[in-house]
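In our numbering, the protein residues as written are 63 to 314.
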């Protein structure tokens, strides 16, 4: 890992400690307003023990001034399906329907979600709001790549981009307008790409915050992959925290 990636790691720690990074902050209140939270576990117990008809509604929010572009249509569809599968797998919930979000606006009114659920005969909605910010600056990279240990082979000009993603998830009882459970997660990914595209199996390259193996996207789709990776990593964190909250409310 080179100096820039160490700096990126330090910035990410600051991002977590501040609760937001690059202008990121919770978006759920902007959409739900003062939605009534769960005061006791009765409704959650009823939800867990019954077979309510449940929908999934995902919003890719881009209202912040420094927001990254939204996921592409294909990316968003794949992300939605992936979230649906994770919810069905990790919770005793079956998502029966995907609810489109084009009519949802950040007006602070939970009623718009209730109406969307009622129109489809749903008992509950799993709400997900995904937001992210992105920066890109000129940089220099080892010609032989960081992972390949090619630091001594000269350097090439390029750009270093970072995408910070914030994922929020909540379970809404359509009948009572209550939020039964809520959690969030955040993560980041970075992209190194060359200034002038060259034939290389080392660039562009995407690094993830968790230190897992790098990803080598195509030059044309590199930024889209960056945003999708950061979004997925943040969503994994949000689902993990939701599972923790679920267990705390409904201990086994």
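For each residue, glycine too, the CB sits at the ideal point set by N, CA and C.
These numbers come from a predicted model, not from an experiment.
Given residue i as reference, the closest of the options once Cα atoms are compared
i: residue 247; options: 230, 254, 258; result: 230
i: residue 234; options: 86, 199, 97, 311; result: 97
i: residue 92; options: 273, 301, 126; result: 126
i: residue 289; options: 124, 114, 119, 113; result: 124
i: residue 180; options: 137, 203, 237; result: 237
i: residue 280; options: 188, 172, 150, 261; result: 261
i: residue 201; options: 140, 219, 190; result: 219
i: residue 251; options: 175, 232, 264, 274; result: 274
i: residue 205; options: 232, 155, 263; result: 263
i: residue 86; options: 245, 241, 304, 228; result: 228
i: residue 168; options: 129, 131, 191; result: 191
Buried/exposed call for residue i, threshold 16 Cβ in 10 Å
i: residue 164; result: exposed
i: residue 83; result: Model confidence at residue 83 stands at a pLDDT of 46, short of 50, so the residue's coordinates are unreliable; what they give is reported in the following sentence. The residue is buried, with at least 16 neighbouring Cβ atoms inside 10 Å.
i: residue 90; result: buried
i: residue 258; result: exposed
i: residue 143; result: exposed
i: residue 136; result: exposed
i: residue 57; result: Outside the shown range of the chain, which is 63 to 314, sits residue 57, and nothing can be said about it.
i: residue 295; result: buried
i: residue 80; result: Low per-residue confidence applies at residue 80: pLDDT is 42, beneath 50, and the placement is therefore not dependable, though the value from the model is reported in the following sentence. Per the 10 Å Cβ criterion, exposed.
i: residue 139; result: exposed
Proximity of residue i and residue j at Cβ, strictly below 8 angstroms
i: residue 161; j: residue 95; result: no
i: residue 185; j: residue 266; result: no
i: residue 133; j: residue 293; result: yes
i: residue 243; j: residue 107; result: no
i: residue 120; j: residue 145; result: yes
i: residue 299; j: residue 249; result: yes
i: residue 175; j: residue 254; result: no
i: residue 152; j: residue 301; result: yes
i: residue 270; j: residue 291; result: yes
* To do: Answer yes if the segment 215-227 comes into contact with the segment 194-206, meaning at least three C-beta pairs across the two stretches below 8 angstroms, and no otherwise.
  => yes
* **Runs of alpha helix (DSSP H) lying entirely within the segment 89-161, each at least 4 residues, in chain order** => 90-94, 104-111, 135-152
* Every unbroken alpha helix (DSSP H) inside the segment 196-272 [4 residues or more] -> none
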